[in-house]
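Trainee: In the UniProt record's numbering, the protein residues as written are 1 to 140.
Encoded as structure tokens, here's the structure I'll be asking about.
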């Protein structure tokens with residue numbers, strides 16, 4: 001499987017408003033915008049960090065996966081997103097190698113990208129996201 005780059009790192013936070021102060025004022029990262037991803041019940045803030053992005057993930061509902069993550073582990077790194085081409089083929093390759101996927105088919109995620117997550121039980125405890133973007137999709 002070919003990985004083009006680390007696309008972004010997802011960080012679970014209780015409050016984007018509070019977290020942004022650290023990322024913009026202290027680290028000086030450029031703020032790119034905020035959107036809500038209703039299918040995941042999260043609000044996402046995008047920041048540029050060199051060639052990659054940081055996504056701050058704030059749960060919009062106690063039932064969201066990010067809310068559950070914060071309850072169990074506290075705020076912090078939630079996932080690492082790997083930029084790929086032909087996400088459907090990458091999913092097939094991973095499954096051939098015995099990697100369990102949370103989604104067997106890509107779906108639309110933040111910034112309009114196609115995404116699919118690998119189950120952390122197959123990846124040494126790390127939640128990895130595959131992320132396929134075209135040049136016109138979100139926060140390039």
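In this text, a Cβ means the ideal position worked out from N, Cα and C, and glycines have one as well.
What residue does the alpha helix (DSSP H) around residue 95 start on, and which one ends it?
Mentor: Start and end: 87-96.
Trainee: Identify which residue in 69, 132 and 115 has its Cα closest to the Cα of residue 85.
Mentor: Nearest option by C-alpha distance: 132.
Trainee: May I ask you to report which of helix, strand or coil DSSP gives residue 59?
Mentor: It is a strand residue.
Trainee: Whose C-beta lies closer than 8 Å to the C-beta of residue 62 among residues of the same chain, with five residues either side of it excluded?
Mentor: Excluding positions up to five away in sequence, the list is empty.
Trainee: Please work out which residues of its chain come closer than 6 Å, Cβ to Cβ, to residue 30, disregarding the five sequence neighbours upstream and downstream, and give them in chain order.
Mentor: The answer, listed in chain order, is 48.
Trainee: Is it buried or exposed for residue 105, if we count other Cβ within 10 angstroms and need 16 for buried?
Mentor: It counts as exposed.
Trainee: Could you tell me the alpha carbon to alpha carbon distance between residue 101 and residue 20, rounded to whole angstroms?
Mentor: Whole-angstrom Cα-Cα distance: 31 Å.
Trainee: State buried or exposed for residue 119, treating a residue as buried only when at least 16 other CB atoms are found within 10 Å of its CB.
Mentor: Residue 119 comes out exposed.
Trainee: Measure the C-alpha to C-alpha separation of residue 121 and residue 78 and round it to an integer number of angstroms.
Mentor: Computed Cα separation, rounded: 14 Å.
Trainee: With a threshold of 7 Å, establish whether the CB of residue 94 neighbours any heavy atom of the ligand NAD.
Mentor: Questions concerning the ligand NAD fall outside what the structure shown contains, since it holds no ligand whatsoever.
Trainee: Compare the C-alpha of residue 1 against each of 127, 95 and 109 and name the closest.
Mentor: It is 95 whose Cα lies nearest to the Cα of residue 1.
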